[in-house]
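Residue numbers (UniProt numbering): 1 to 555.
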């Protein structure tokens, strides 16, 4: 089979104006970025405010292997399949980060014959949103350090600065640095560091904002550090929100592209689900719901991360509710969760598969707790055997959950028609969506609820620093915020080696960080890093571009 980039380069793309006008948009509603990309005006939501919303389908997954289980591919393929069977459908996705694109996991534009295009643009600089986020974040960092240098009028304690710098690349050497070295005019010497752009609170705020004014207000609430008498210092104190919002004036508008089969797609925002909340922007989803009858959106990593955060953070913030959930599973990931060595996943092993099915079962039980009907999308790989596929179907049938085979990677929308018909039927059922916890619950109760109800932990242990931070957060009025768990994507626990559906463990929270602007508290567990590193052989070493512009190695 051809590579993803080869398939994408052979695609026949429609001019973006045709895609936009097919959605009922006028030339005043969008701004073309070349022939195949466009920015959608925020005025569209106001113009269409009285139009009923379409059906919202959340695409999530089981705990994945390192290569992922084709969740984005399934999302894209499902949207194409829905159109093939006669429905107006769109997909909404996150923008890929350059970190994994050049690192190990690759891009995030789907795969095979279920991709959003132009995939090379989408996986690289796209429309510049990530550059704007990086610039706005680092502008605030520069203003902060300038305030220190100019006599420190706010009384900021350099030892209690919490605002790092960011860049959209995996670079472990920048996690911990010393800045301000050199001459007197080179700034105040202090320890600092870099995080990856997708971990920036600017990214989270963009994805949870409902307007430019809302985004500016969120900027103003962002805490950058504390004074000597432990009072929080905000971006508003540094008079930064106006200039930050100016840098984001274009980035806040959702991006319109298309799939290989010309299904409209909105791609906007890109927080990781293991270190942030892992969903595309609320503005993207709200816009798509006004333009299509069915909208397929994606939550990052397994349902214990992205889906839980979608339900408990995104839906309340955006006033939206899902009508159905698609849980993507693969035989190979289930065998891994059943104890099979990651290098031996290709061979049939019904015993390991049967053992690993507990992972899928727990995810399905968790989704049911939110009151939303679900279907399992069994993403088929070439070496899956009929006996393995039948075992998954039988186990899900015992749970009363339907399974639809997904072959969109190899066959595009045609390979997802069974899944599409099942999803349409699910959307006609009653959804009684309810978040897992109440906003009135205190922070520790929210953390314990997620840990015990979703992860099945026996309880939560707070490190001494986290216990002090918890008291400070409650005292400073942040107790009503939702919780964003930063946790490994490979396990329900905070230990990536505990696969399947582990029991008899506790979750340890080592640090609590308030993202007052984004509107949630991050609970850091395990060894989660907010600046990843490159693998021994980065994907970047296999990439190239020829003199005629032909790209190779991008996936």
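C-beta atoms are modelled at their ideal positions from N, C-alpha and C, and glycine is treated no differently.
Cβ atoms of residue 170 and residue 112: under 9 Å apart, would you say?
-> no
Using a Cβ-Cβ cut-off of 8 Å (strictly less than) and excluding sequence neighbours within five positions of residue 167, which residues of its own chain qualify?
-> 134, 174, 194, 196 and 197
Taking the CB atoms as reference points, tell me whether residue 556 and residue 251 lie closer together than 9 Å.
-> One cannot answer for residue 556 here, as it falls past the ends of the chain, which runs 1 to 555.
Determine the burial state of residue 497: buried for a count of at least 16 other Cβ atoms within 10 Å of its Cβ, exposed for fewer.
-> exposed
DSSP three-state assignment for residue 167, whether helix, strand or coil | strand
Buried versus exposed, by CB contacts within 10 Å (16 or more), residue 382 = exposed
Residue ranges of each alpha helix (DSSP H) run of no fewer than 4 residues wholly in the segment 378-465, ordered along the chain?
-> 386-398, 408-411, 417-427 and 443-453
Close Cβ partners of residue 281 (< 7 Å) along its chain, the five nearest in sequence each way excluded = 206, 207, 254, 268 and 269
According to the Cβ coordinates, are residue 81 and residue 413 closer than 9 Å?
-> yes
Considering only the beta carbon of each residue, do residue 450 and residue 308 sit closer than 9 Å?
-> yes
The beta strand (DSSP E) with residue 192 in it runs from where to where?
-> 190-192
Under the criterion of a Cβ to heavy atom distance below 8 Å, does residue 120 qualify as lining the ligand GDP?
-> Ligands displayed in this structure: none; no statement on the ligand GDP is therefore possible.
Exposure label - residue 473; buried when at least 16 CB within 10 Å | buried
DSSP three-state assignment for residue 162, whether helix, strand or coil | coil
Measure the C-alpha to C-alpha separation of residue 311 and residue 42 and round it to an integer number of angstroms.
-> 24 Å
With DSSP run on the structure shown, which of helix, strand or coil describes residue 104?
-> coil
Expressed to the nearest angstrom, what Euclidean distance is found between the alpha-carbon atoms of residue 303 and residue 491?
-> 11 Å
To the nearest angstrom, report how far apart residue 408 and residue 486 are at their CA atoms.
-> 31 Å
Runs of beta strand (DSSP E) wholly within the segment 267-318 (minimum 3 residues, chain order) = 294-298
Taking residue 241 as part of the beta strand (DSSP E), name the residues at either end of that continuous run.
-> Counting along the chain, residue 241 falls outside any beta strand (DSSP E), though it belongs to the alpha helix (DSSP H) covering 241-247.
Residue 223 bridges to which residues according to DSSP?
-> 234
Segment limits, alpha helix (DSSP H) that includes residue 370 | Element bounds for residue 370: n/a, residue is neither H nor E.
Tell me whether residue 1 is buried or exposed, calling it buried when 16 or more other Cβ atoms sit within 10 Å of its Cβ.
-> exposed
Determine the extent of the beta strand (DSSP E) in which residue 39 is found, giving its start and end residues.
-> 38-40
Thinking C-beta only, is residue 74 closer than 9 Å to residue 406?
-> yes
So what's residue 16 in DSSP terms, helix, strand or just coil?
-> helix
Count the CB pairs spanning the segment 223-235 and the segment 1-18 that are closer than 8 Å, and state whether there are at least three.
-> no
Which first and last residues belong to the alpha helix (DSSP H) in which residue 255 is found?
-> Residue 255 -> not in any alpha helix (DSSP H); beta strand (DSSP E) instead, spanning 255-259.
Between which two residues does the alpha helix (DSSP H) containing residue 84 stretch?
-> 71-84
Same chain, Cβ closer than 7 Å to residue 346, five either side skipped, listed in chain order = 383
Rounded straight-line distance, which links the Cα of residue 40 to that of residue 511 = 38 Å
Supposed contact pair residue 321 and residue 431 - C-beta distance, whole angstroms, cut 8 Å = 7 Å
C-beta contact flag for residue 93 and residue 116 at 9 Å | yes
Determine contact between the segment 288-295 and the segment 136-148, defined as no fewer than three beta-carbon pairs at a distance below 8 Å.
-> no
Alpha carbon of residue 318 to alpha carbon of residue 374, nearest angstrom | 22 Å
Just how far apart, CA to CA, sit residue 247 and residue 63?
-> 37 Å
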